[in-house]
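Visitor:
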Amino acid sequence: LLGGDLSVRLTQRPPTPDQTAHMAGLGRLSEAVEMRSMVRRGDGEGRRSLIELKAVDDAYPLIGRFDLRDGGDLREVLRKRDGLWGAVVDPNLAIRLDLEVGDEVRVGTLDLRVRGMIASEPDRVASVFSFGPRLMIHRDALDATGLVQPGSQIRYYTGIDLPPEADPDAVAADLDIAFPAAGWQVRGPDEAAQGVGRFLDRMTLFLSFAGLTALLVGGIGVTNAVKAYMDGRAATVATLKCLGAPAGLVFRIYLIQVLALSGVAVAIGLLVGAAVPYLAGWALEDRLPVRIEGGVYPLQLAIAGVFGLLTAATFATWPLARARGVSGAGLFRDAVAPSNGGIRWVDRLWIGLGALALAGLTIATAPDAYFAVWFVVGAALVLLLLRGAAWTVAGLARRLRPRAAVWRQALTSLHRPGAATGSVVVSLGLGLTVLVAVGLIEGNLRHQIGERLPDRAPSFFFIDIQPAQVDAFDATVNGVEGASDLQRVPSVRGRIVRIDGTPVEQVEVAREAQWALRGDRALTYADRPAEPATIKTGQWWPDDYVGPPLISLDANLANGFGIGLGDTLTLNVLGREITATVSNLREIDWRSLRFDFALIFSPGVLEGAPHSHVAAAHVDAAREETLERAVADRFPNVSAIRVREALDAVSAMLGNIALAVRAVAAVTVLAGALVLAGAIAAGRTRRLHDAVVFKVLGATRGMTLRAFLIEYGLLGAITGIVAVGLGSAVAWAVTTFLMRAEWVFMPGVAAITAGLCLAVTLGLGFAGTWRVLGEKAGPHLRNE
Numbered sequence: 047l048l049g050g051d052l053s054v055r056l057t058q059r060p061p062t063p064d065q066t067a068h069m070a071g072l073g074r075l076s077e078a079v080e081m082r083s084m085v086r087r088g089d090g091e092g093r094r095s096l097i098e099l100k101a102v103d104d105a106y107p108l109i110g111r112f113d114l115r116d117g118g119d120l121r122e123v124l125r126k127r128d129g130l131w132g133a134v135v136d137p138n139l140a141i142r143l144d145l146e147v148g149d150e151v152r153v154g155t156l157d158l159r160v161r162g163m164i165a166s167e168p169d170r171v172a173s174v175f176s177f178g179p180r181l182m183i184h185r186d187a188l189d190a191t192g193l194v195q196p197g198s199q200i201r202y203y204t205g206i207d208l209p210p211e212a213d214p215d216a217v218a219a220d221l222d223i224a225f226p227a228a229g230w231q232v233r234g235p236d237e238a239a240q241g242v243g244r245f246l247d248r249m250t251l252f253l254s255f256a257g258l259t260a261l262l263v264g265g266i267g268v269t270n271a272v273k274a275y276m277d278g279r280a281a282t283v284a285t286l287k288c289l290g291a292p293a294g295l296v297f298r299i300y301l302i303q304v305l306a307l308s309g310v311a312v313a314i315g316l317l318v319g320a321a322v323p324y325l326a327g328w329a330l331e332d333r334l335p336v337r338i339e340g341g342v343y344p345l346q347l348a349i350a351g352v353f354g355l356l357t358a359a360t361f362a363t364w365p366l367a368r369a370r371g372v373s374g375a376g377l378f379r380d381a382v383a384p385s386n387g388g389i390r391w392v393d394r395l396w397i398g399l400g401a402l403a404l405a406g407l408t409i410a411t412a413p414d415a416y417f418a419v420w421f422v423v424g425a426a427l428v429l430l431l432l433r434g435a436a437w438t439v440a441g442l443a444r445r446l447r448p449r450a451a452v453w454r455q456a457l458t459s460l461h462r463p464g465a466a467t468g469s470v471v472v473s474l475g476l477g478l479t480v481l482v483a484v485g486l487i488e489g490n491l492r493h494q495i496g497e498r499l500p501d502r503a504p505s506f507f508f509i510d511i512q513p514a515q516v517d518a519f520d521a522t523v524n525g526v527e528g529a530s531d532l533q534r535v536p537s538v539r540g541r542i543v544r545i546d547g548t549p550v551e552q553v554e555v556a557r558e559a560q561w562a563l564r565g566d567r568a569l570t571y572a573d574r575p576a577e578p579a580t581i582k583t584g585q586w587w588p589d590d591y592v593g594p595p596l597i598s599l600d601a602n603l604a605n606g607f608g609i610g611l612g613d614t615l616t617l618n619v620l621g622r623e624i625t626a627t628v629s630n631l632r633e634i635d636w637r638s639l640r641f642d643f644a645l646i647f648s649p650g651v652l653e654g655a656p657h658s659h660v661a662a663a664h665v666d667a668a669r670e671e672t673l674e675r676a677v678a679d680r681f682p683n684v685s686a687i688r689v690r691e692a693l694d695a696v697s698a699m700l701g702n703i704a705l706a707v708r709a710v711a712a713v714t715v716l717a718g719a720l721v722l723a724g725a726i727a728a729g730r731t732r733r734l735h736d737a738v739v740f741k742v743l744g745a746t747r748g749m750t751l752r753a754f755l756i757e758y759g760l761l762g763a764i765t766g767i768v769a770v771g772l773g774s775a776v777a778w779a780v781t782t783f784l785m786r787a788e789w790v791f792m793p794g795v796a797a798i799t800a801g802l803c804l805a806v807t808l809g810l811g812f813a814g815t816w817r818v819l820g821e822k823a824g825p826h827l828r829n830e
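Here it is in structure tokens:
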């Protein structure tokens, strides 16, 4: 992924000869240049496309293997033959422009011949979002494209293959010492794909929490199952106690049984979990840029096993402790007069310690302890609220006295001894809460992208406009009929190296502001604030300001950095360090997609640095092709980004992620359904007894079925409403506070979830009671 033991990146400028010579003394080098550009067919027909252009030298790749779909050596394919340099393209680009091997394309001012399709590029990091497909050329052909201009947004990469005995971290530190003002970013193998790494960490975090949520639901199922099992063994336990068996002996007997069954379940889970990566590697082989290496990881399996056994032991203790604490006579009467007491404080302590151990293990093993703490707190709060909702439902059912016998019987079933109310509301409600939260978060993001943003967004962003081209560029855009709202500003790249005099590595920066310290940032300078700009605190500099460098900073970024008015930021701009004082803080709405920069310098600081301009313009959809063609024909070095295409790409990416997230969340719902099915199965004996009594008292089969369906319909509806309320609260908190986005309630998601809950409970309730209704009363009465 990195392309070497070390990767050195510079923006807008290549390394100096001294820097290159120093790096050459460390090991083998390979130089690559990447930038965004436009490509079109050589015949001038067809639509142009934005591409990720990469120029490589003969040493590429240092590590790994570059493969072409039809085979061939990359060096030979890219060389100049018959007057044309070669190019290889991503198959997606070939589809987009209807290209075949042998066709000509134009990049900048250079005509190229397509000589191959890329099958595998070893050092192309899997990015969450890319502006365009890859087109690769030789490093020596880059200058002929006319794209390399002062200030162009170009990234220069130098890969270093170190000797086996070299320490990459030590060499990276020495590079920074040797060239302290180089302004480069040096990455080692552990930082090969920082963006992808952060994305995978977040996905790992979510998958872990989804698994833990399902485990919590399963724990509730353990409690229900053990309680039902102990209820079925009540007579046996009571007999043992009446014959003198110590309560501790009874507890240990059944605890050993529970742990033995749990051990079998955990072993099956570990075997399946260990096999999944192999199956995933086979199924996703053609969809991922890297090959999944299957392997067995004992530590991860051990952690999963501990989670399983600890969950089983913690959730099984309460029903076992209750059976131990209740007297033999109490157990005989338990079917009609349940005992609520009898659990010793020692057992309650063990249950509490088990819960704390689960919480501690969750936090200790999570990729992000901060989110893990919130998960533990949130899960505990949701469980308490669901349990409270179940208690409230049972209490209300106890107080209601409808006249209709069927309704009265259904309500009585919600609060009678052994009622499934608690099991349904807690187990199914927890899974549905997760599903509602995920659905509403995704829906809000889609609302931001698909509905709110396009109304405010420009049609195009243009990058790499040279200072000498700005007047002609403005005239070209304004000359296209329907083009409007042209905005253009200078842009240069810089990297924050010190915050108020302290190196950024030593500053504790808030999580939401850490993005600004990852690599180079876009900077600009301005005489006056852009419209509409909201200055939160401080004052903008005068129009004719001449003096020490000042900076206008995003207020949220300043808060994350822990700085304010009068503090300083030091940036490395093209190898030169500039220290500027914070003059004012602005409130920026990044979702509006209007031109704005987190850092704006006062005049007289950046004008002398090589830089380019970026612009935005709006045009009717029918004239987008006209505007793009007008700019591309006159300014081959300028790249156009269609905003709607970018938004569509983000929306598609979001949809794929959301599908995976919903699938994982559905596992929790499935766990809740299984727990519900177990609770219904466990109550079959009691329902059979009820059905027999109803028949003897004259109730028809239809009346009994209606009573059961009303009971489960009420349970499903109430659980769905509770889950919608809790899930909406979770989604609101995540959207508002973590994502800092506007919250919109989506009744469609709520209605679908509530309907799903109703269908699941009715379906399982019907399946669990249908056979009971078909039983004849006589044999059961004689058996009694």
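All residue numbers for the sequence shown refer to this note's numbering, where the first residue is 47 and numbers rise by one. C-beta atoms are modelled at their ideal positions from N, C-alpha and C, and glycine is treated no differently.
In chain order, what residues of the same chain lie with their CB nearer than 7 angstroms to the CB of L720, ignoring the 5 residues before and after it?
Guide: G267
Visitor: In three-state DSSP terms, what is W131?
Guide: Strand, per DSSP.
Visitor: What three-state label does DSSP hand P575 in the structure shown?
Guide: coil
Visitor: Can you list, in chain order, the residues of its chain with a C-beta nearer than 8 angstroms to that of S629? Leave out the 5 residues immediately preceding and following it.
Guide: G584, Q585, W586, W587, L596, I597, S598, L611 and S648
Visitor: May I have the straight-line CA-CA distance separating G550 from A562, to the nearest angstrom?
Guide: The residue asked about is misnamed: residue 550 is Val in this sequence, not Gly. Near 11 angstroms, if we compare the C-alpha coordinates of A562 and V550.
Visitor: On the three-state DSSP scale, how would you describe F754?
Guide: helix
Visitor: Pairs of beta-carbons, one from the segment 427-443 and one from the segment 664-679, closer than 8 angstroms: are there three or more?
Guide: no
Visitor: Just to confirm the assignment, what range does the beta strand (DSSP E) spanning P63 have?
Guide: First-last for P63: P63 to A70, but that is the alpha helix (DSSP H), not the beta strand (DSSP E).
Visitor: With burial defined as no fewer than 16 other Cβ atoms inside 10 Å of the residue's Cβ, what is the status of S530: buried or exposed?
Guide: exposed
Visitor: Expressed to the nearest angstrom, what Euclidean distance is found between the alpha-carbon atoms of G49 and F417?
Guide: 33 angstroms
Visitor: Would you mind reading off the limits of the alpha helix (DSSP H) that contains R680?
Guide: E670 to R680
Visitor: Would you say the segment 76-89 touches the segment 135-152, given that touching needs at least three Cβ pairs under 8 angstroms?
Guide: At 8 angstroms Cβ cutoff, the stretches touch.
Visitor: Which residues does DSSP list as the beta-bridge partners of R544?
Guide: P549 and T616
Visitor: Using 8 angstroms as the threshold, is the C-beta distance between T616 and T627 below it?
Guide: no
Visitor: Do you know whose CA, among V795, W364, G718 and G489, lies nearest L810's CA?
Guide: G718
Visitor: Pick helix, strand or coil for A663, following the three-state DSSP scheme.
Guide: Three-state result, A663: strand.
Visitor: Taking N490 and T781 to be in contact with their CB atoms under 8 angstroms, please state how far apart those CB atoms are, rounded to whole angstroms.
Guide: Between T781 and N490 the Cβ distance is about 5 angstroms, and since that is below 8 angstroms, they are a contact.
Visitor: Taking 6 angstroms as the limit between beta carbons, can you name the residues of its chain near L233, skipping five residues before and five after?
Guide: Going by the sequence as given, residue 233 is Arg instead of Leu. Around R233: S53.
Visitor: Using C-beta distances below 6 angstroms, list every residue in its chain close to A435, excluding the 5 sequence neighbours before and after it, in chain order.
Guide: V471 and V768
Visitor: Restricting to Cα atoms, I'd like to know which of G162, A140, A709 and L96 is closest to A118.
Guide: Before going on, a small fix: residue 118 reads as Gly here, not Ala. Among G162, A140, A709 and L96, the Cα nearest to that of G118 belongs to G162.
Visitor: My understanding is that V134 touches S473, with C-beta atoms under 8 angstroms, so please give their C-beta distance in whole angstroms.
Guide: Between S473 and V134 the Cβ distance is about 55 angstroms, and since that is not below 8 angstroms, they are no contact.
Visitor: Let me check understanding here. Comparing Cα to Cα, which of Y758, L569, D157 and D186 lies closest to N655?
Guide: First, the amino acid is wrong: residue 655 is Ala here, not Asn. Nearest C-alpha to A655: L569.
Visitor: If the criterion is Cβ atoms closer than 8 angstroms, does the pair T799 and L532 meet it?
Guide: no
Visitor: Taking only three categories from DSSP, how would you classify H657?
Guide: Looking at H657 - three-state DSSP - the assignment turns out to be coil, as it is neither helix nor strand.
Visitor: State buried or exposed for Q560, treating a residue as buried only when at least 16 other CB atoms are found within 10 Å of its CB.
Guide: exposed
Visitor: On the DSSP letters alone, give me the boundaries of the alpha helix (DSSP H) that L295 sits inside.
Guide: L295 -> alpha helix (DSSP H) spans A293 to A329.
Visitor: Could you have a look at G118 and say whether DSSP puts it in helix, strand or coil?
Guide: coil
Visitor: Which whole-angstrom value describes the C-beta separation of D836 and R180, a residue pair presumed to lie in contact below a C-beta threshold of 8 angstroms?
Guide: Nothing can be reported for residue 836: it is not among the residues displayed for the chain, which extend from 47 to 830.
Visitor: Using DSSP with H/G/I as helix, E/B as strand and the rest coil, what is D566?
Guide: coil
Visitor: By DSSP, does L158 sit in helix, in strand, or in coil?
Guide: Strand, per DSSP.
Visitor: Kindly list the residues whose CB is nearer than 7 angstroms to the CB of F812, restricted to its own chain and excluding five residues on each side of it in sequence; keep chain order.
Guide: For F812, where only same-chain residues beyond five positions count, the Cβ hits under 7 angstroms are L755.
Visitor: Scan the segment 577-608 and note each continuous alpha helix (DSSP H) run of 4 residues or more that stays entirely inside, going in chain order.
Guide: 601-607
Visitor: Quick check on the burial criterion: 16 or more other C-beta atoms within 10 angstroms. Buried or exposed for K582?
Guide: With fewer than 16 other Cβ atoms within 10 Å, it is exposed.
Visitor: May I have the straight-line CA-CA distance separating T269 from G771, to the nearest angstrom?
Guide: 26 angstroms
Visitor: Inspect the beta-carbon positions of P365 and K287 and report whether they are closer than 8 angstroms.
Guide: no
Visitor: Tell me which residue opens and which closes the beta strand (DSSP E) that T625 is part of.
Guide: Per DSSP, the continuous beta strand (DSSP E) segment holding T625 begins and ends at R622 to E633.
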